[in-house]
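Residue numbers (our numbering), protein chains in the order written: chain A, 1 to 302; chain B, 1001 to 1449.
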Amino acid sequence: MTAPRARAARRDRRAILTGLAWTSPWLFGASLFMFLPMALSLWYSFTDYPLIEEPIWTGTSNYARMPDDPTFRRVVWNTAVYSAISIPACTVLSLVLAALLSMRIRLARFFQACIFVPTLVPLVASAMVWMWLFNGEFGLINRLLALVGVRGPTWLVDQQWVLPSLVVMSLWSVGQSVVIYIAAIHEVPRQLYEAAVLDGMSPLRRFFHVTLPMISPAILFNVIVMLINTVQIFAVPYVMFKRPDGQNPAGHFYTMYLYENAFVYGQMGYACAMAWLQLLVILALTAVMFIGGRRLVYYRGG
Amino acid sequence: MTSAGEITRRGALGLMAAGGAGFLVFGPRGQRADTRGRIVLDYWEKWTRHEGDAMMRVVDAFNQSQSRIFVRYLITADIGQKSLVAIAGGAPPDLIGLYAYNVPPYAESNALMSFDDLAPAFGLSLGQYAPGVRQVMQHRGRWWASVNTAGSVALYYNKRAFREVGLDPDRPPTTLPELDDAHRRLVKARDKGPLERVGFFHPEPGWWSWLWAYHFGGSIYDAQADRSLVDSPENHAAMAWMQSYARDLGPDRCKAFKESFGNYFTPENPFLTGKVAMIIQGPWLANLVTAFAPDFDYGVAPFPVAPGLSDPAAPVGLIDTDVLVIPRGARHPEASMEFVAWTQRQDMTELLASAHCKPSPLASTSPAFRATHPNRGIGVHYDIFQSPRAFVPPQTRAWQQFKDEVDTMVQRLWRLEVSPEAALPPLERRTQGFIDRAAEERRRRGGAS
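Below is the structure:
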């Protein structure tokens, strides 16, 4: 018995070593370019580090400074409000589109492609296009509003219209979620729908009582991905609102301020503290969703 | 036995080996020695287009003038951030073309090599520069940079529009009430509808939204006391003056009007299209006129000041400069300084200044330079250079954050979202907080506070 067991142990060891050898490029890369920078950034978050000078340990001062920093409070508020509106809006829209495109309608594939294509457009190009669409003087949106007698606002200047404009823009790129939802809807067993029809359920009730529960894992996945993306929103508002004559306060977001602290104001320590806080908030919100998901998400595998 | 399409271990290893070999053969290279054995200097500069071409001519002339040093000109966007990272990473270029406001934070962080030690051996001295320009080359008593181009900021006005409304195109406004009067006469709008033209428009181009207080006889920063003066009476007056324009024109109309402007470096520039008849600008504007509207008839004058402050012999104006520095860690500081000295020769500064449409930063210029200068208002810019009331951006390490905060608040003030009384006291506290933090950093690192 001993010899076969030893042989098996050797085989296991060899398998582990082979696995490690094959994954070593990733392990090496991840250690060098992810884990080490993360560890260093954690250390820097407790220091005064202007980047071109050595970091000096300052304890928790960077973290303690945040609540007293009005710009920090403003970017947290903007990011939170944007996320709170954008995630539900994108989720509802993508579910509705996925449900419609899952029906047997003509040109469904064509419409799917149309909805997916905007996600392939680079963010900067997309931001430039939307800047023109939202232009208060020449923008297409205001021209359309003028046709019905409404004088549109200066969307990207007026404080109260900046966030709604960005939310509308975020709806433009729901293609990826729609594709995932369509795939999930196609996986729902047909017999459930047949049973629901026999029970006399309307299409709307079938959607709420059959489709939604059955695709709830996909919804959870998409919401988490959206959360991560919206909390880190950067490129689009940076292109749209960072002007030579100053930053529009309503278009100032958390990651933009983090970047400014790191590379413009020479406060890498504060920026690292902000980055760690952001990571912890995302982890906490993800954990809350997973815990909430235990009751709300249905996994067919058990 | 493996089936077709299955990857064998040998195949995978072969693929990886081929990839590695390809990387070694075709992958990135470090510094390559010049074939003629010259010292190669990397020079990062922000300029592109005609401005970059002009600097390239200076670089080419240097490379041809001797056989020991070769300067490689590399156009670098976001130069402040990239230089910061390169210096921090221990791999800086040999020379960097920065903005003047970069000097204080870089100097305080010991990221630059002082010219005090290097420059005299190459025949450079502060005395050869125009008085106003010298201010940006030094910080806390030491010399850190040379100035490769400099501009002062003045009032540019559309002479054709002046004639159209009966204003004398040869008598530009000298005081702010005169500017206000000219503005009102130049405003053109259909009934109460959208604006078609204004006289003056503060947010165009909006690059120096912090400087109005200086034209009211004040300042926003006291360098001696290291104090923010954003809440000064002069700045209150300046902000109230700015708001009076937005109030008269209507904030919504102003916002919509601004949205109708094209980008600065295009033929849609609102000054060139006639939408804004008077703007605050640097001498480089003449290059835009040449490129996009050669027949445009413009005049140049010192930007007006509050009543009682006007003095033709001592105009008030901002001096904005581009500087050339040698970063800490540069491999060949002496060779770099030799190039810096070359760029500061009178013929080279004049070549560059002429191509950029700017005045020369040097105290003396050749008669031919001024006589043939492409900017018809160059004399005004020189007068500001020589003026005791010329000023430079506040020289504090906290300036970038200070400026961003002021810019943001000025935008809100211009949109009439807040009054100066409500905005300026907290803004001063906040900007003073940045200054205090910078001082604290200096103390922590053993520098003088």
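Every residue gets a Cβ at the ideal spot worked out from N, C-alpha and C, and that includes glycine.
Interface partners of residue i on chain A, CB under 7 angstroms
{"i": "residue 1408 (chain B)", "result": "246, 247 and 249"}
{"i": "residue 1393 (chain B)", "result": "Within 7 angstroms Cβ-Cβ: nothing; residue 1393 (chain B) doesn't reach chain A, min ~14 angstroms."}
{"i": "residue 1087 (chain B)", "result": "52"}
{"i": "residue 1256 (chain B)", "result": "136, 137 and 154"}
Residue i - containing beta strand (DSSP E), residue span
{"i": "residue 1096 (chain B)", "result": "1095 to 1099"}
{"i": "residue 1161 (chain B)", "result": "No beta strand (DSSP E) contains residue 1161 (chain B), which is instead part of the alpha helix (DSSP H) from 1159 to 1164."}
{"i": "residue 1200 (chain B)", "result": "1195 to 1200"}
{"i": "residue 1148 (chain B)", "result": "1146 to 1152"}
{"i": "residue 1297 (chain B)", "result": "Counting along the chain, residue 1297 (chain B) falls outside any beta strand (DSSP E), and DSSP gives it neither H nor E."}
{"i": "residue 1137 (chain B)", "result": "Taken as a continuous stretch (DSSP letters only), residue 1137 (chain B) belongs to no beta strand (DSSP E), being part of the alpha helix (DSSP H) at 1131 to 1137."}
{"i": "residue 1317 (chain B)", "result": "1317 to 1325"}
{"i": "residue 1044 (chain B)", "result": "1039 to 1045"}
Proximal chain B residues relative to residue i, where beta-carbon distance stays under 8 angstroms
{"i": "residue 149 (chain A)", "result": "Within 8 angstroms Cβ-Cβ: nothing; residue 149 (chain A) doesn't reach chain B, min ~15 angstroms."}
{"i": "residue 48 (chain A)", "result": "1441 and 1444"}
{"i": "residue 56 (chain A)", "result": "1444 and 1445"}
Alpha-carbon spacing of residue i relative to residue j, whole angstroms
{"i": "residue 12 (chain A)", "j": "residue 285 (chain A)", "result": "39 angstroms"}
{"i": "residue 1323 (chain B)", "j": "residue 50 (chain A)", "result": "21 angstroms"}
{"i": "residue 1239 (chain B)", "j": "residue 1402 (chain B)", "result": "17 angstroms"}
{"i": "residue 100 (chain A)", "j": "residue 1020 (chain B)", "result": "49 angstroms"}
{"i": "residue 1064 (chain B)", "j": "residue 1358 (chain B)", "result": "25 angstroms"}
{"i": "residue 1192 (chain B)", "j": "residue 74 (chain A)", "result": "36 angstroms"}
{"i": "residue 175 (chain A)", "j": "residue 202 (chain A)", "result": "27 angstroms"}
{"i": "residue 1248 (chain B)", "j": "residue 1229 (chain B)", "result": "28 angstroms"}
{"i": "residue 97 (chain A)", "j": "residue 178 (chain A)", "result": "7 angstroms"}
{"i": "residue 1380 (chain B)", "j": "residue 1265 (chain B)", "result": "23 angstroms"}
{"i": "residue 1082 (chain B)", "j": "residue 1137 (chain B)", "result": "21 angstroms"}
{"i": "residue 22 (chain A)", "j": "residue 181 (chain A)", "result": "34 angstroms"}
{"i": "residue 222 (chain A)", "j": "residue 91 (chain A)", "result": "8 angstroms"}
{"i": "residue 110 (chain A)", "j": "residue 116 (chain A)", "result": "10 angstroms"}
{"i": "residue 1351 (chain B)", "j": "residue 1058 (chain B)", "result": "8 angstroms"}
{"i": "residue 1101 (chain B)", "j": "residue 1395 (chain B)", "result": "7 angstroms"}
{"i": "residue 1297 (chain B)", "j": "residue 1423 (chain B)", "result": "39 angstroms"}
{"i": "residue 1410 (chain B)", "j": "residue 1245 (chain B)", "result": "13 angstroms"}
{"i": "residue 1356 (chain B)", "j": "residue 44 (chain A)", "result": "42 angstroms"}
{"i": "residue 1360 (chain B)", "j": "residue 1291 (chain B)", "result": "21 angstroms"}
{"i": "residue 1033 (chain B)", "j": "residue 1040 (chain B)", "result": "Low confidence applies to residue 1033 (chain B): its pLDDT is 48, below 50, so where it sits in the model is not reliable enough to give any reading."}
Neighbouring residues, chain A, relative to residue i (Cβ below 8 angstroms)
{"i": "residue 1430 (chain B)", "result": "70"}
{"i": "residue 1209 (chain B)", "result": "245 and 246"}
{"i": "residue 1322 (chain B)", "result": "What residue 1322 (chain B) touches in chain A: nothing, since even the nearest Cβ is about 16 angstroms away."}
{"i": "residue 1350 (chain B)", "result": "Result: empty, since nearest Cβ-Cβ is about 29 angstroms, beyond 8 angstroms."}
{"i": "residue 1084 (chain B)", "result": "51, 52, 263 and 266"}
{"i": "residue 1425 (chain B)", "result": "Going along chain A, no residue has its Cβ under 8 angstroms from residue 1425 (chain B), so there is no contact; the nearest lies around 13 angstroms."}
{"i": "residue 1110 (chain B)", "result": "52 and 53"}
{"i": "residue 1081 (chain B)", "result": "263 and 264"}
Residue range of the alpha helix (DSSP H) that includes residue i
{"i": "residue 1070 (chain B)", "result": "Counting along the chain, residue 1070 (chain B) falls outside any alpha helix (DSSP H), though it belongs to the beta strand (DSSP E) covering 1069 to 1075."}
{"i": "residue 1339 (chain B)", "result": "1333 to 1343"}
{"i": "residue 261 (chain A)", "result": "Looking at the DSSP string, residue 261 (chain A) is not in any alpha helix (DSSP H), and its letter there is neither H nor E."}
{"i": "residue 1084 (chain B)", "result": "1079 to 1088"}
{"i": "residue 1279 (chain B)", "result": "Here residue 1279 (chain B) belongs to no alpha helix (DSSP H); instead the beta strand (DSSP E) covers 1276 to 1281."}
{"i": "residue 141 (chain A)", "result": "140 to 147"}
Contacts that residue i makes with chain A (C-beta to C-beta distance below 9 angstroms)
{"i": "residue 1205 (chain B)", "result": "244 and 245"}
Burial state of residue i (16 or more Cβ within 10 Å)
{"i": "residue 1154 (chain B)", "result": "buried"}
{"i": "residue 1413 (chain B)", "result": "buried"}
{"i": "residue 1089 (chain B)", "result": "exposed"}
{"i": "residue 1448 (chain B)", "result": "Any reading at residue 1448 (chain B) must be qualified, since the residue scores a pLDDT of 45, below 50, and its modelled position is unreliable; no value is offered."}
{"i": "residue 186 (chain A)", "result": "exposed"}
{"i": "residue 1008 (chain B)", "result": "exposed"}
{"i": "residue 1016 (chain B)", "result": "exposed"}
{"i": "residue 1330 (chain B)", "result": "buried"}
Cross-chain neighbours of residue i in chain B, by beta carbon under 7 angstroms
{"i": "residue 265 (chain A)", "result": "1400 and 1401"}
{"i": "residue 198 (chain A)", "result": "Here the premise fails: no neighbours, minimum Cβ distance about 47 angstroms."}
beta-carbon residue i near the ligand MG non-hydrogen atom, thresh 7 angstroms
{"i": "residue 276 (chain A)", "result": "This structure lacks the ligand MG, and indeed carries no ligand of any kind."}
Partners in chain B for residue i, counting only beta-carbon separations shorter than 9 angstroms
{"i": "residue 160 (chain A)", "result": "In chain order: nothing, as chain B lies at least about 10 angstroms away."}
The region 193 to 203 of chain A / the region 250 to 268 of chain A touching (three or more Cβ pairs under 8 angstroms): Touching, no.
Three or more C-beta pairs below 8 angstroms linking the region 1141 to 1156 of chain B and the region 1102 to 1110 of chain B: For the pair of segments examined, the region 1141 to 1156 of chain B was found to touch the region 1102 to 1110 of chain B: the number of CB pairs separated by less than 8 angstroms reaches three.
Stretch pair the region 228 to 239 of chain A + the region 203 to 211 of chain A: three plus CB contacts closer than 8 angstroms: With a cut-off of 8 angstroms, the region 203 to 211 of chain A and the region 228 to 239 of chain A do not count as touching, because too few Cβ pairs lie within range.
Cβ contact check for the region 1207 to 1220 of chain B and the region 1293 to 1307 of chain B: 3 or more pairs under 8 angstroms: Under the 8 angstroms Cβ criterion, the region 1207 to 1220 of chain B counts as touching the region 1293 to 1307 of chain B, having at least three qualifying pairs.
Meets three-Cβ-pair contact criterion under 8 angstroms: the region 1253 to 1272 of chain B and the region 1167 to 1183 of chain B: Because the criterion of three Cβ pairs below 8 angstroms is not met, the region 1253 to 1272 of chain B and the region 1167 to 1183 of chain B do not touch.
Three-pair Cβ contact test at 8 angstroms for the region 211 to 230 of chain A versus the region 141 to 157 of chain A: Cβ pair count under 8 angstroms is below three, so no.
Meets three-Cβ-pair contact criterion under 8 angstroms: the region 1384 to 1400 of chain B and the region 1217 to 1227 of chain B: With a cut-off of 8 angstroms, the region 1217 to 1227 of chain B and the region 1384 to 1400 of chain B count as touching, because enough Cβ pairs lie within range.
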